[in-house]
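In what follows, a structure is listed as structure tokens, so that the remarks can point back to it.
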Amino acid sequence: MTAVLDRAVAPPVLRRDRRRWAWGVGAGAVLLWSLAGAGLFSGDVVNPGGTAQFGRFAAAAWHPALDAQFLGVLARSALVTVAYAAAGTALALVLGAGGAVLVSRTTWGRRRAGWLAARGVLAVPRGLHEAVWGLLLVNVLGLDPWVGVLAIGLPYGAVTAKVFADLVDEVPSGAYRALRAAGAGRPAAALYGLLPPAAGGLLSYALYRLECAVRSAVVLGMVGAGGLGYQLALSFASLRWEQVWSAVYALSLLCLVADVAGRAVRRRLAAPPPSSRRDPVLTATVVGTAVLVGWSCWYLALSPASLVSERTTAQLTHVLGAAWPPATDGDLLRTIGVLAVDTVQMSVVAIAVALLGAVLLAGPAARPAGRSSLGRRVAGALVRGGLLLLRAVPPPVWALVLLFVLLPGVLPGALALGVYTLGVLGRLAAGATEELDPRPRAALTALGARPAGAWLYGVLPLAAGPVLAYALYRWEVAIRDTVLVGLLGAGGLGALLAAELATFDWAAATTVLAAVVVLTWLVDLASDRARAALR
1 MTAVLDRAVA PPVLRRDRRR WAWGVGAGAV LLWSLAGAGL FSGDVVNPGG TAQFGRFAAA
61 AWHPALDAQF LGVLARSALV TVAYAAAGTA LALVLGAGGA VLVSRTTWGR RRAGWLAARG
121 VLAVPRGLHE AVWGLLLVNV LGLDPWVGVL AIGLPYGAVT AKVFADLVDE VPSGAYRALR
181 AAGAGRPAAA LYGLLPPAAG GLLSYALYRL ECAVRSAVVL GMVGAGGLGY QLALSFASLR
241 WEQVWSAVYA LSLLCLVADV AGRAVRRRLA APPPSSRRDP VLTATVVGTA VLVGWSCWYL
301 ALSPASLVSE RTTAQLTHVL GAAWPPATDG DLLRTIGVLA VDTVQMSVVA IAVALLGAVL
361 LAGPAARPAG RSSLGRRVAG ALVRGGLLLL RAVPPPVWAL VLLFVLLPGV LPGALALGVY
421 TLGVLGRLAA GATEELDPRP RAALTALGAR PAGAWLYGVL PLAAGPVLAY ALYRWEVAIR
481 DTVLVGLLGA GGLGALLAAE LATFDWAAAT TVLAAVVVLT WLVDLASDRA RAALR
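The structure is reproduced here in structure tokens:
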């Protein structure tokens with residue numbers, strides 16, 4: 001009996017997960033390789049001559065332009081940005097809802113080949129940045145407001161379809177099977193049997209997409225679509241730093257409003273009122289969103305006729321004819337190979353910078369679970385405001401600022417993406433910290449541990465998995481964003497794409513775009529495998 005008890009209470013043998021160690025060592029090696037490729041270990045990377053200009057830029061943050069005329073310009077530009085974001089998000093949700101039915105595992109059943117093919121089709125629009133879509137569409141539609149709406153709606157629609165499909169696959173499928181048994185087709189059964197139970201998650205994600213669309217509308221403005229991004233680019237080009245900071249603060253305010261609204265709705269969905277009646281807050285949210293979309297279409301003067309006009313059809317036919325077949329000459333392919341390496345190195349350095357910053361700031365940025373001192377609340381609000389400012393400013397602006405003090409190359413683009421991604425990843429890491437079980441940290445504090453020690457041993461081990469998963473997901477996004485900073489001269493495949501589009505070499509541009517999609521897919525695959533090793 002004693003032997004049985006001894007065997008029963010014997011502690012389990014702890015074994016190291018070799019997959020995690022392999023991924024960790026590999027990540028460290030790739031980071032060192034990327035830092036070396038960025039020139040950090042060899043050569044000069046600092047531009048001493050730009051220090052004075054950077055100082056003037058930073059000093060202007062304390063006295064932004066507040067004259068009535070410029071504030072009126074910013075207000076009108078903000079309306080344009082909101083209109084593009086709302087209309088683009090609405091289009092993305094329509095495409096995402098329809099696409100979710102087509103790429104859901106439940107819809108395809110055991111027909112895995114068809115499901116893989118449908119998912120592969122989504123990889124093409126999802127792999128290209130909104131700015132790339134904008135540059136392509138402006139060559140077909142000209143200076144039409146549909147350019148900004150489609151540039152947001154098409155890639156966001158592909159991303160939304162993937163996320164919606166995952167949400168749909170997680171809901172109970174009893175109603176779907178019942179409708180199928182009653183003779184309904186797969187799309188109709190999915191529409192009525194799967195989408196309604198997943199409505200809460202779909203609404204929450206839709207509001208998150210709206211927040212992202214505001215930032216995308218700003219980026220499109222920088223490449224000519226108008227709005228706050230256009231005003232920001234004009235002020236930056238003329239070195240009017242006070243106006244630049246006014247535009248940055250306006251962007252931050254828009255992002256704050258979208259963030260607060262999305263957080264309120266997500267909390268309402270997580271803890272609905274006990275009454276069985278329809279939730280007035282969620283109802284008002286849906287109605288208000290519908291009104292906003294209708295106003296956006298009116299304000300932008302969107303006309304479906306311009307999408308099917310004779311000029312649009314002729315221009316689309318010309319571009320497609322010039323873009324196919326893609327260019328395959330050896331010099332172009334070698335250049336693509338070299339710049340693809342720069343693109344990967346840029347994204348790796350960016351994620352490393354963002355992950356390090358997120359780990360350091362997640363604790364201060366997280367809202368305390370219980371009562372806390374006034375100093376702690378003020379410090380948390382300041383950190384969260386700083387993270388909001390980092391993610392409100394588009395990566396190209398950070399790249400242009402960093403070029404004051406750094407020499408042109410991979411490093412300025414990587415750090416610009418790292419600063420921007422820190423704003424997003426820091427917010428996600430703080431949210432993950434808030435959702436952890438508070439008892440381990442409370443127990444360590446009760447035993448006399450200092451706050452830093454309690455966080456190091458009671459919070460960090462539990463938050464490591466979710467934060468690393470978020471970082472790997474952001475790596476996929478960073479690959480797309482490297483093309484954006486490259487379009488403005490920061491190197492990588494984006495710089496090559498900008499050169500080919502400027503010369504209207506559509507065959508070469510098609511090859512570069514294909515390389516971007518393939519590279520995004522490879523990073524997506526590597527990120528998915530790494531996340532699986534963390535589970």
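UniProt numbering puts the sequence shown at residues 1 to 535.
Note that the Cβ used here is the ideal one computed from N, Cα and C, for glycine as well.
As the structure is a computational prediction, the values presented were derived from the model and not from experiment.
- If you draw a 10 Å sphere on the C-beta of TRP146, you find 16 or more other C-beta atoms in it, and that means buried.
- Annotation for MET346: the continuous alpha helix (DSSP H) segment containing it runs 330–365.
- For the options LEU447, LEU444, VAL424, SER306, the alpha carbon positioned closest to that of VAL467 is the one of VAL424.
- Exposed is the label assigned to GLY49, since fewer than 16 other Cβ atoms lie within 10 Å of its Cβ.
- For the pair of segments examined, the segment 289–309 was found to touch the segment 77–92: the number of CB pairs separated by less than 8 Å reaches three.
- Secondary structure note for THR503: it is in no alpha helix (DSSP H), with a DSSP letter that is neither H nor E.
- For LEU374, the secondary structure class from DSSP, reduced to helix, strand or coil, is helix.
- Beta-bridge partners of VAL410 (DSSP): none assigned.
- Put simply, the backbone Cα of GLY153 is about 29 Å away from that of ARG529.
- Counting C-beta pairs closer than 8 Å gives three or more between the segment 342–355 and the segment 462–479, which meets the contact rule.
- In this structure, LEU128 lies away from LEU141, with their beta-carbon atoms at least 9 Å apart.
- Counting along the chain, VAL397 sits inside the alpha helix (DSSP H) bounded by residues 395–402.
- Look at VAL459 here: in three-state DSSP terms it is coil, with no helix or strand label.
- With contacts defined by Cβ atoms closer than 9 Å, PHE404 and GLN53 form a contacting pair.
- Within the DSSP secondary-structure output, VAL257 pairs in no beta bridge.
- Burial of THR289 is indicated by the presence of at least 16 other C-beta atoms within 10 angstroms of its C-beta.
- Spatial neighbours of GLY418 in its own chain (CB-CB distance under 8 Å, excluding positions within 5 residues in sequence) are listed in chain order as VAL349, ALA350, ILE351, ALA352, VAL353, ALA354, GLY357.
- Here the alpha carbon of ALA178 sits roughly 40 Å from the alpha carbon of VAL518.
- Contact between the segment 446–453 and the segment 397–415 is absent: fewer than three C-beta pairs spanning the two stretches fall below 8 Å.
- A Cβ-Cβ contact shorter than 9 Å links TRP506 with ALA323.
- The segment 368–384 and the segment 230–250 do not touch, with fewer than 3 CB-CB distances between them shorter than 8 Å.
- The way I'd put it, the segment 406–420 doesn't touch the segment 452–469; fewer than three beta-carbon pairs between them come closer than 8 Å.
- Remark: C-beta atoms of LEU436 and VAL410 do not approach each other more closely than 9 Å.
- Counting of Cβ neighbours within 10 angstroms places PHE41 among the exposed residues, the total staying below 16.
- In this structure, the beta-carbon distance from VAL218 to PRO394 falls below 9 Å.
- For the set VAL319, VAL94, LEU320, the Cα lying nearest the Cα of GLY157 is the one of VAL94.
- Contact between TYR208 and GLY148 does not hold, since the beta-carbon distance rounds to 20 Å and is not under 8 Å.
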